[in-house]
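Q: Chains as they are written, first to last, in this note's numbering: chain A, 1 to 681; chain B, 1 to 139. Structure provided below as structure tokens; questions to follow.
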């Protein structure tokens, strides 16, 4: 602890700084000095400052002025302070002057009069509102950050905090992959710088339990590993200075010149963008088309956020409210989910960097090479998705477990970092380096594992499909009501079976009465032996006889009658045979001797049948008829068998179709159940 | 303009109901509930015609001394009921129609959200803000 202000400040009481103040002031001084391209000079830098940074003798006026302006004090007060601290006297801001000035600023901010005696008082650390540093911070509450006003609750208790004010709202990406090498700050000065800040935030966090500094802390360790891994050190100091200059300016700066803004939580970096695009592709192969609502719902539900939050995120990101996500909308939604999972409260409105136009403009091409990203991108190119899927299948058990776990690791690292004391800060930062680099690796690896195993992707895809098309109209072959259909069924089959048997008769009159059918039946039977015209006299006989037997036959073969009778209308005669009842009647009649069981009539009647037929016919023809009848019976038997076969086939087909219809019906009922709105009552 | 806006589901339970906080909300809830009968009456009166021909805007359901109640029903039988203060210079019918149209559009936006299950209470902030804009216009 510096007991007395060295150097040329002879006036006023000695400057007593607490350890925390010491650190902060020295750090500020160092940053000012570095930013100001410090001129050499003996710097009695505080011992702590000598940790890692070359202590500069003087702080350049420019950054100092910026810093003072950032303290939000009126200009007059600043002038007073400058005067009092002796800078004007000596012409430069040496360490002592700087420290005095800072102390006075702190006093002024806490309402004490600006007097040289104030430096004796115990005042909280001065508060500065910064626009940007690249050691920078994420902060939590977007609403607070909008304003230039400093967050009072934080600071009153403790340490110096740097608040960074963004153009945008705010919260930043906690995930380490967000850091790109270009954005990584120089290692040592920021490292040093972060140490007290981490300490500051540590205390702050423990006291106020605010989330906001946490990300800052997390950012720091995350940033650090990038430092060593980043490019040439030579590039760092200028960038550092430039960034510090930027950091002390209160004005907003255009963001576009530097695409790597690690501080901004709502800005999507290249890596994230690549990851999101790959995820999009996994859901929807065409990057220029949409992801439907249900697919996206399944996908985002895996993030294990609550449904109201997901609903709100959807509301924010679906700009055109069409129930589908284009690629920019998807990236925005994914980014919001990621941010939410890392603890950031959701914004009230869609941040500008997440808006569709911005995303489309900022990332015109879906793929961009990024140095840090190469190794990562190699693992996740679109054409290696199958491999990803395979890998994901292996990890499928824990794919979503990985999703929250690494983020929790990161946040736990955050908290650990925050709670560390100053002494531990450095070793902790060092220890966090491997941890966070491991985390960053795991985070990088996480996209692979987190990509929702192939099974779930398939499910997502399936869910995204249109509802199954309505069951195909039943083929026109089987409806019981339509006789023509049956004809079509049997037309191809019957000719195959009966190809050589009988030529189809001419078109039949509609709804032939059984007599006609029997006519045809007989006709077909006879045609094998004789042409129909010769049978005319028999027709009449048979018809008459058959008509009498229609009634008993009807009950016996009702089923056959129903379909076949209709089918027989227009079917060739050979079709009549299989399923027309009247044809069976003659069969029956003739088969009466052979099929007594199916007939009520006994053989006597069977005999009587032919006998009666015989009586009608001339007796001379009876003998011939019986032989003919035998042949007819045989052909009839054959045809009946074929008819049976055909009918059996028809039956099986109908059964099959019935099963299919049943299944479709069940499926439709399930769908209806799913689609039916849930009733509250 | 409106002092109370309610969205009623097809099964006649409220999906969203919001009143101007100055008033006794229970009274408004009761008015909306009783207006459902009138809505059903109007629907069934037109019900003979095809649903397509039925107009969505139902018009003034019934007036009370202080308030007027307007109704609107969608093709999926979701009803919007709006209670308007009578003391306002009489709102034109077109204005009421436009307000209902806005409600309907916001409602479809809510529906588009895949995380919204039909039949849930409406918790969309965009919908809330739209209703707020309608309700505070008058005040």
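Cβ atoms here follow ideal geometry from the backbone N, Cα and C, with glycine treated the same way.
When you compare the CB of residue 113/B with every CB in chain A, is at least one pair closer than 8 Å?
A: yes
Q: Is the stretch 280-299 of chain A touching the stretch 318-332 of chain A, taking contact as three or more C-beta pairs under 8 Å?
A: yes
Q: Considering Cα atoms alone, identify which of 64/B, 46/B and 60/B is closest to residue 80/B.
A: The residue with the shortest Cα to Cα distance from residue 80/B is 60/B.
Q: Does residue 323/A have its Cβ less than 8 Å from a Cβ in chain B?
A: At least one C-beta of chain B is nearer than 8 Å to the C-beta of residue 323/A.
Q: Give the secondary structure of residue 104/B by DSSP, where H, G and I count as helix, E and B as strand, and everything else as coil.
A: helix
Q: Nearest chain A C-beta to residue 109/B closer than 8 Å, yes or no?
A: Yes, contact with chain A.
Q: For the beta strand (DSSP E) holding residue 80/B, just list the boundary residues, first then last.
A: 79-85
Q: Mind pulling the chain A residues with CB within less than 8 Å of residue 126/B?
A: 315
Q: Using the beta-carbon count (16 or more within 10 Å), is residue 72/A buried or exposed?
A: That one is buried.
Q: If you draw a straight line from the C-alpha of residue 135/B to the C-alpha of residue 324/A, how long is it?
A: 30 Å
Q: Who are the Cβ neighbours of residue 78/A in its own chain at under 6 Å, not counting the five residues just before and after it?
A: If we look at residue 78/A and ignore the five residues flanking it on each side, its Cβ neighbours are 68.
Q: Strictly below 7 Å CB to CB, what residues from chain B border residue 294/A?
A: Contact annotation for residue 294/A against chain B: 114 [CB-CB distance below 7 Å, chain order].
Q: Would you say residue 119/B faces chain A, with C-beta separation under 8 Å as the test?
A: yes
Q: Alpha carbon to alpha carbon, how far is residue 93/B from residue 84/B?
A: 12 Å
Q: To the nearest angstrom, report how far apart residue 296/A and residue 648/A are at their CA atoms.
A: 50 Å
Q: Flag this pair as yes or no: are the beta carbons of residue 266/A and residue 326/A separated by less than 8 Å?
A: no
Q: Name the two residues that bound the continuous alpha helix (DSSP H) containing residue 35/B.
A: 25-46
Q: Looking at the secondary structure, which residues open and close the beta strand (DSSP E) in which residue 306/A lies?
A: Run containing residue 306/A: none; DSSP gives neither H nor E here.
Q: Does the stretch 70-79 of chain B come within contact of the stretch 2-20 of chain B, defined as at least 3 CB pairs closer than 8 Å?
A: yes
Q: With a CB to CB cut of under 6 Å and the five nearest residues on each side skipped, what residues in its chain are close to residue 630/A?
A: none
Q: Under 8 Å Cβ to Cβ from residue 32/B, same chain only, skipping five residues before and after it: list those, please.
A: The residues are 4, 6, 8, 14, 17, 69, 81 and 83.
Q: Indicate whether at least one CB of chain B lies closer than 8 Å to the CB of residue 674/A.
A: no
Q: Assign residue 66/A to one of two classes, buried (16 or more other C-beta atoms within 10 Å of its C-beta) or exposed (fewer than that).
A: Counting Cβ neighbours within 10 Å, residue 66/A comes out buried, since at least 16 surround it.
Q: Between residue 350/A and chain B, is any beta-carbon pair separated by less than 8 Å?
A: no
Q: Between residue 71/B and residue 39/B, how many whole angstroms is the CB-CB distance? I'm expecting something under 8 Å.
A: Your pair residue 71/B and residue 39/B checks out as a contact, with CB atoms roughly 5 Å apart and the cut at 8 Å.
Q: Counting only beta-carbon atoms, is residue 138/B nearer than 8 Å to chain A?
A: Here residue 138/B scores only 49 on pLDDT, less than 50, and its place in the model should not be relied on; the value that follows carries that caveat. For residue 138/B, the closest Cβ of chain A is not nearer than 8 Å.
Q: Any heavy atom of the ligand HEM closer than 7 Å to the CB of residue 32/A?
A: With respect to the ligand HEM, the structure offers nothing, as it holds no ligand at all.
Q: Residue 18/B bridges to which residues according to DSSP?
A: 5/B
Q: I'd like the list of long-range same chain contacts for residue 103/B, defined as Cβ closer than 6 Å, with 5 residues on each side in sequence excluded.
A: 80
Q: Helix, strand or coil for residue 291/A? Go by DSSP, reduced to three states.
A: strand
Q: If the cut-off is 7 Å on Cβ atoms, which residues from the stretch 286-312 of chain A count as contacting chain B, listed in chain order?
A: 293, 294, 296, 297, 307, 308, 310, 311 and 312
Q: For residue 13/B, does the three-state DSSP call read helix, strand or coil?
A: coil
Q: Can you find a C-beta in chain B that's less than 8 Å from the C-beta of residue 347/A?
A: no
Q: Between 664/A, 341/A and 312/A, which has its C-alpha nearest residue 126/B's C-alpha?
A: Comparing alpha carbon positions, the residue from 664/A, 341/A and 312/A closest to residue 126/B is 312/A.
Q: I'd like the list of long-range same chain contacts for residue 287/A, defined as Cβ closer than 8 Å, with 5 residues on each side in sequence excluded.
A: 277, 280, 281, 327 and 366
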